[in-house]
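Read through the structure below, which is laid out as structure tokens, and then see the notes.
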Amino acid sequence: MKYQVKFLALLAALPAALIVASPFMSLDRSVASLPQLRNWGLENTVGNSHIHAVDAWKLEEGSRDIVVAVIDTGLDANHPDIKPNLWHEKGTNNYGWDFVANKPNPIDDHSHGTHVAGILGAALNSKAGISGVAHKVSIMAVKYYSEKNTGAENLKNSIKALNWAIDHGANIINYSGGGPEFSAEEFAALKRAREKGILLVAAAGNERQNSDLPENFYYPCAYRLDNIVCVSAINIHNELLPSSNWGHVRVDVAAPGENILSTVPGGKYAYMSGTSQATAFVTGLAALLLSKNRSLHPEQVRDLVRASADKLPSLRDKVFSGGKVNAYAALALLDRDKGAPSANKLIAAQSSKTETVKPFSAPLHKGPISKVASKKLKRPASSSKATVSKR
């Protein structure tokens, strides 16, 4: 087949051991307890590899007025860490749309979407298992992906999902998926999001390649619009994941992406790895920034995220910012600049983010891209081991 279906997707054969059978801890609201959330990306004692969430929450915890659309595999709306932060369409009980089944309220039969949603916006006071980066945000679920669909069908549904989120009031779109094929329709949808002041946070991909090279372009990151933030993944030692794509021009920043604990369907929790997870951390940070200053434009949010990143030797020449996200530093920079980020000056040397729309052939697969061992990967990739929490 000329255009092989390509996907870096997971969980179809997810090991049963990956799933944590039940909630394992109860949270109180004291900051002192927060590092025990078991999500090292928020806070950890190993090193400076976390995003400084506890300090960030002293400045901002998120707002229900900020709507984050998770365009993915659906959502477990009854998960105790997700339910308190569900967005609902006005006058209905609908929390999103399923473009696979063409009906409201997309159920997650895949786990990926629920896991991503938990990282960016799980409720802190659910008295269950984890907290999201922005634990008071509103989560909108839009389902586009099915393993039973062709790559062309998934791409078509992803474009519908983007437009639906735009039309229903999303402020930020988390897109932990992608593929190597340019789509004029997808590009148009993202330009429309830009015109509406909507930020898209997208995964760099898990193909262990330099995405700056034309033969390795990974979309939507490669569209080069200034309302897109592209994210690579690091481990707890501040090293780029071997599976993560990178690119000094086309990837903006890195975030935690290895063995990240989050929500999965059935009120459970699991560890997953990949740029999907890293993307959700940055989406959560973007939600905190918008919660603090609703007037920020997408490119201002992007520039704040870049300029406040912790510079790391391992990320020099790997991502545009040269570092990993620091939520506290981003919020502090916003405070200091009073809504007019000096980050814009720091980024001034970057070339304009534009791209000429070009024709494209049959699209390759657009799918979720958490890194889990799979025989369906087009390119070989290292496996990801899961560790079950015993708490």
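Per our numbering, the very first residue in the sequence shown carries number 1217; after that it's consecutive.
For each residue, glycine too, the CB sits at the ideal point set by N, CA and C.
Asked, Found
"Measuring only the C-alpha atoms, how far is Glu-1276 from Glu-1411?", "27 Å"
"Start and end of the alpha helix (DSSP H) containing Lys-1376?", "1367-1383"
"Pick helix, strand or coil for Thr-1609, following the three-state DSSP scheme.", "No statement about residue 1609 is possible, as the shown extent of the chain runs from 1217 to 1607 and does not include it."
"Distance check for Gly-1367 and Leu-1506, CA to CA, integer angstroms please.", "34 Å"
"Please give the ranges of any alpha helix (DSSP H) in the segment 1474-1560, keeping only runs that are unbroken, at least 4 residues long and fully inside the region.", "1491-1508, 1514-1523, 1543-1553"
"For Ile-1444, write down the residues that DSSP places opposite it in a beta bridge.", "Leu-1416"
"In angstroms, rounded to a whole number, what distance separates the CA positions of His-1453 and Leu-1550?", "28 Å"
"So, helix, strand or coil for Ala-1272, using DSSP?", "helix"
"Buried or exposed, going by whether 16 or more other CB atoms sit within 10 Å of the CB of Asn-1387?", "buried"
"Rounded to the nearest angstrom, how far is the Cβ of Leu-1457 from that of Gly-1473, given a contact under 8 Å?", "6 Å"
"Looking only at C-alpha atoms, which of Tyr-1361, Val-1332, Gly-1345, Asn-1365 sits nearest to Ile-1355?", "Val-1332"
"Could you tell me which of Glu-1515, Gly-1345, Pro-1300 sits nearest to Tyr-1485, measuring between CA atoms?", "Gly-1345"
"What number of angstroms, rounded off, separates the C-alpha of Pro-1575 from the C-alpha of Asn-1373?", "At Pro-1575, the pLDDT of 26 sits below 50, so the modelled position is not reliable; the number obtained from the coordinates is stated separately. So the two alpha carbons sit approximately 19 Å from each other."
"When we look at the beta-carbon of Ser-1511 and count the other beta-carbons within 10 Å, is it buried (16 or more) or exposed?", "exposed"
"In three-state DSSP terms, what is His-1464?", "coil"
"Would you report the Cα separation of Ala-1543 and Lys-1299, rounded to the nearest angstrom?", "24 Å"
"In the DSSP assignment, find the unbroken alpha helix (DSSP H) run with Val-1353 in it and report its ends.", "Segment: none, Val-1353 is in no alpha helix (DSSP H) and carries neither H nor E."
"Which residue's Cα is closest to the Cα of Arg-1280: Asn-1255, His-1351, Ser-1327?", "His-1351"
"Quick test of your reading: Ser-1392 and Leu-1258, contact by CB under 8 Å. State the CB separation rounded to the nearest angstrom.", "About 18 Å; that fails the 8 Å criterion."
"Can you give me the C-alpha to C-alpha distance between Pro-1320 and Asp-1314, rounded to a whole angstrom?", "6 Å"
"Check for me: the alpha helix (DSSP H) holding Val-1262 runs from which residue to which?", "Val-1262 -> no alpha helix (DSSP H), and no H or E assigned at all."
"Can you give me the start and stop residues for the beta strand (DSSP E) that Ile-1388 sits inside?", "1388-1391"
"Among Ala-1494, Asn-1432, Asp-1324, whose alpha-carbon lies nearest the alpha-carbon of Val-1465?", "Asn-1432"
"Looking only at its own chain, which residues have a Cβ that is under 6 Å from the Cβ of Ile-1323, when we skip the five neighbours before and after it?", "Gly-1290"
"Thinking C-beta only, is Asp-1442 closer than 8 Å to Pro-1396?", "no"
"Secondary structure at Val-1316, three-state DSSP: helix, strand or coil?", "coil"
"When the Cα of Lys-1527 is compared with those of Ala-1471, Lys-1364, Asn-1365, which residue comes out closest?", "Ala-1471"
"Could you say which of Thr-1479, Ile-1444, Lys-1407 lies nearest to Ala-1502 if we only look at CA atoms?", "Ile-1444"
"Mind reading off the beta-carbon distance from Ala-1685 to Val-1447? Whole number of angstroms is fine, and I expect it under 8 Å.", "The structure shown does not extend to residue 1685, since the chain is modelled only from 1217 through 1607, so no value can be given for it."
"Count the other C-beta atoms from every protein chain shown that fall within 10 angstroms of the C-beta of Trp-1256, then say buried if there are 16 or more, exposed otherwise.", "buried"
"Using a Cβ-Cβ cut-off of 7 Å (strictly less than) and excluding sequence neighbours within five positions of Asn-1451, which residues of its own chain qualify?", "Leu-1457, Glu-1474"
"Just tell me which of Ser-1478, Gly-1385, Asp-1533, Gly-1421 has its CA closest to the CA of Thr-1629.", "Any answer about residue 1629 is impossible in this case: the structure gives the chain only from 1217 up to 1607."
"Please state whether DSSP places Leu-1456 in a helix, a strand or coil.", "strand"
"Identify which residue in Ser-1530, Leu-1477, Asn-1370, Ser-1362 has its Cα closest to the Cα of Phe-1336.", "Rather than Phe, the amino acid found at residue 1336 in this sequence is Leu. It is Leu-1477."
"Could you pull the start and end residues of the alpha helix (DSSP H) that Ala-1438 belongs to?", "Looking at the DSSP string, Ala-1438 is not in any alpha helix (DSSP H), and its letter there is neither H nor E."
"Hey, could you find the ends of the alpha helix (DSSP H) Ala-1405 is sitting in?", "1400-1411"
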